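**Student:** For the sequence shown, this note's numbering assigns the number 3 to the initial residue and increments by one for each residue that follows.
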Amino acid sequence: MSGVVSGFTVIFIMVGIGWFLGRTRVLGDSAHEVLSRLVFFVCTPALLFHSLVTSDLSVIFSKTLVIAGGSALAIGAIYIVIARLWLRRAIPELAIGGLASSYVNSVNLGLPIAIFVLDDASFIAPLLLFQILVYSPMALITLDLSVTDPALGHASPKTTLRDAVIAPLTNPIVLGGVTGLVVSTTGWLPPTAILEPMKMLGNASVPAALLAFGLSLTGASIFKKGQSPRRDIALASVLKIVAMPALVYVVARFGFGETGHQLFAQVVIAALPTAQNVLVYATRYRRAQIMARDTALITTLGSIPAIAVIAALLA
3 MSGVVSGFTV IFIMVGIGWF LGRTRVLGDS AHEVLSRLVF FVCTPALLFH SLVTSDLSVI
63 FSKTLVIAGG SALAIGAIYI VIARLWLRRA IPELAIGGLA SSYVNSVNLG LPIAIFVLDD
123 ASFIAPLLLF QILVYSPMAL ITLDLSVTDP ALGHASPKTT LRDAVIAPLT NPIVLGGVTG
183 LVVSTTGWLP PTAILEPMKM LGNASVPAAL LAFGLSLTGA SIFKKGQSPR RDIALASVLK
243 IVAMPALVYV VARFGFGETG HQLFAQVVIA ALPTAQNVLV YATRYRRAQI MARDTALITT
303 LGSIPAIAVI AALLA
């Protein structure tokens, strides 16, 4: 469990620093939004490009990709159906909520846990690829086409075929992932002069997202009645911490016949908390920000006992 403790300690320290910076106003009143935009437009696209260009795609495309990716889509779809029928939420809130219920913190927590607990970082690679190359683009394109805030350049709620084609081509995260995949499949390795700046910017993505998360907590009334959408948060948190690991167990055990360490690894990864990137997306589109923030906080706290129980039952 030392890897779990180490991974969560890193998160809490970084979020605490962000909260302190917000409380002291060292970075100014608009620091959270500026930092979130930096992560969205610069750091995350660079991370995706560098990660895909330098990755072995043959290791990534495996049954783990099917199990992790399929389960994430299923849980996200369950959230969307329930939130639409029960809570009557609009499409942007459904997109953010679907991510909050199934988008795993695969980098900041996933990598340390994969290395120190599972003894193999390759377990997290397929899920990381799925999230950055498939899941994020799906949600971001949906947000691009459904958010009608004039400040974001979406003044009309009417979606045209032209909008559907252009939206993916103007989203920096989608562009970073697609470009990285294309370059990787060609077998060409860009020179160091290109890769090193991408690596430097990409390395800033996770800590900057954690700092932005801490900044968002400054002066916030967590779970305050009338401000926090408690039912949305509860639904997303239960799906993320309870339903997703349970679904992965069933699919991996009975669908793919996995046992032992392989099964244990799949379920542990599914129990990781909601990634802070969901809050970055919510901040960018100015929709469901409180929901994304509070769900990330609850699942981060809840995943500690969840992983402990999984380790006791399956390790």
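Built from N, CA and C at the ideal position, the CB exists for glycine as well.
What you are looking at is a predicted structure, and each value in this text was computed from that prediction instead of being measured.
Whole angstroms are fine: how far does the CA of Val208 sit from the CA of Asp31?
**Tutor:** Counting from one through the sequence shown, the residue named residue 31 turns up at place 29. Counting from one through the sequence shown, the residue named residue 208 turns up at place 206. Cα-Cα distance, rounded: 22 angstroms.
**Student:** Assuming Ala298 contacts Leu281 (C-beta within less than 8 angstroms), just tell me the rounded distance between them.
**Tutor:** Here residue 298 is taken as the residue at index 296 of the sequence shown, counted from 1. Here residue 281 is taken as the residue at index 279 of the sequence shown, counted from 1. About 6 angstroms separates the two Cβ atoms, so the contact holds.
**Student:** For Leu23, count neighbouring C-beta atoms within 10 Å of its own C-beta (all shown protein chains included) and say buried if the count is 16 or more, exposed if not.
**Tutor:** Taking the first residue of the sequence shown as position 1, residue 23 is located at position 21. That one is buried.
**Student:** Hey, how far is the Cα of Leu21 from the Cα of Ala33?
**Tutor:** For the purposes of this step, residue 21 is identified with residue 19 of the sequence shown, where counting begins at 1. For the purposes of this step, residue 33 is identified with residue 31 of the sequence shown, where counting begins at 1. According to the sequence displayed, residue 21 carries Trp and not Leu. Between Trp21 and Ala33, the C-alpha separation is close to 11 angstroms.
**Student:** If you pair each beta-carbon of the region 239-250 with each one of the region 302-311, do three or more pairs fall below 8 angstroms?
**Tutor:** yes
**Student:** Looking at C-alpha atoms only, which residue of Gly259, Thr261, Leu96 and Thr11 is the closest neighbour of Leu145?
**Tutor:** Stepping through the sequence shown from its first residue, residue 145 is reached at position 143. It is Leu96.
**Student:** For Phe256, does the count of other Cβ atoms within 10 angstroms reach 16, so buried, or fall short, so exposed?
**Tutor:** Counting from 1 along the sequence shown, the entry for residue 256 is found at position 254. Under this definition Phe256 is an exposed residue.
**Student:** I'd like to check one pair, Val55 with Ser186: are the Cβ atoms closer than 7 angstroms?
**Tutor:** To locate residue 186, count along the sequence shown from 1; it is residue 184. To locate residue 55, count along the sequence shown from 1; it is residue 53. With contacts defined by Cβ atoms closer than 7 angstroms, Ser186 and Val55 form a contacting pair.
**Student:** What's the C-alpha gap between Thr181 and Phe51?
**Tutor:** The residue given as residue 181 occupies position 179 in the sequence shown. The residue given as residue 51 occupies position 49 in the sequence shown. Their backbone Cα atoms lie some 7 angstroms apart in a straight line.
**Student:** Tell me the rounded alpha-carbon separation between Thr302 and Thr26.
**Tutor:** Translated into the one-based positions of the sequence shown, residue 302 becomes position 300. Translated into the one-based positions of the sequence shown, residue 26 becomes position 24. Approximately 25 angstroms, taken between the alpha carbons.
**Student:** Could you check if Glu260 is buried or exposed, using at least 16 other CB atoms within 10 Å of its CB as the buried criterion?
**Tutor:** Along the sequence shown, one-based indexing puts residue 260 at 258. Under this definition Glu260 is a buried residue.
**Student:** Please name the residue or residues paired with Pro28 in a DSSP beta bridge.
**Tutor:** As a first step, residue 28 is located in the sequence shown; it is residue number 26 there, counting from the start. Residue identity check: residue 28 is Val in the sequence provided, not Pro. Answer is none; Val28 lacks a bridge partner.
**Student:** Going by the DSSP bridge assignment, what does Val106 pair with across the sheet?
**Tutor:** Indexing the sequence shown from 1 puts residue 106 at position 104. Looking at the DSSP assignment, Val106 forms a beta bridge with Thr276.
**Student:** Excluding the 5 residues preceding and the 5 following Val17 in the sequence, name in chain order all residues of the same chain whose CB lies nearer than 6 angstroms to its CB.
**Tutor:** As a working mapping, residue 17 is identified with position 15 in the sequence shown. Answer for Val17: Leu212, Phe215 and Gly216, listed in chain order.
**Student:** DSSP state of Asp296, grouped into three classes?
**Tutor:** Residue mapping note: residue 296 aligns to position 294 of the sequence shown, counting from 1. Three-state DSSP puts Asp296 in a helix.
**Student:** Can you look up Pro159 in the DSSP assignment and give me helix, strand or coil?
**Tutor:** Numbered from its first residue, the sequence shown carries residue 159 at position 157. Interpretation of Pro159 is limited by its pLDDT of 47, a score under 50 that renders its predicted location unreliable; no figure is taken from the coordinates.
**Student:** Could you check where the alpha helix (DSSP H) with Lys201 kicks off and where it finishes?
**Tutor:** Here residue 201 refers to the residue found at position 199 of the sequence shown. Where Lys201 is concerned, the enclosing alpha helix (DSSP H) stretches over Thr194 to Asn205.
**Student:** Quick check: what's the CA-CA separation for Tyr251 versus Leu29?
**Tutor:** Mapped onto the sequence shown, residue 251 falls at position 249. Mapped onto the sequence shown, residue 29 falls at position 27. Spanning the two alpha carbons is a distance of roughly 44 angstroms.
**Student:** Threshold first: 4 residues or longer. Then list the alpha helix (DSSP H) segments lying entirely within the region 20-70, N to C.
**Tutor:** 33-40, 46-55 and 59-62
**Student:** I want to know whether the region 67-81 touches the region 126-143 - three or more CB-CB distances under 8 angstroms.
**Tutor:** yes
**Student:** What is the residue span of the alpha helix (DSSP H) that Phe125 lies within?
**Tutor:** Position 123 of the sequence shown, counted from the first residue, corresponds to residue 125. Where Phe125 is concerned, there is no enclosing alpha helix (DSSP H), given that its DSSP letter is neither H nor E.
**Student:** Taking 7 angstroms as the threshold (C-beta atoms), are Ile175 and Pro47 in contact?
**Tutor:** Here residue 47 corresponds to residue number 45 of the sequence shown, with the count starting at 1. Here residue 175 corresponds to residue number 173 of the sequence shown, with the count starting at 1. The answer is yes: Cβ separation under 7 angstroms.
**Student:** Could you give the residue range of the alpha helix (DSSP H) that holds Pro319?
**Tutor:** As shown, the chain starts at 3 and ends at 317. That puts residue 319 outside it, with no answer to give.
**Student:** How many angstroms separate the CA atom of Ile98 from the CA atom of Ala290?
**Tutor:** Position 96 of the sequence shown holds residue 98. Position 288 of the sequence shown holds residue 290. For Ile98 and Ala290, the distance between alpha carbons rounds to 7 angstroms.
**Student:** If you reduce the DSSP assignment to three classes, tell me which class Val149 lands in.
**Tutor:** Within the sequence shown, the letter at position 147 stands for residue 149. Coil at Val149, not helix or strand.
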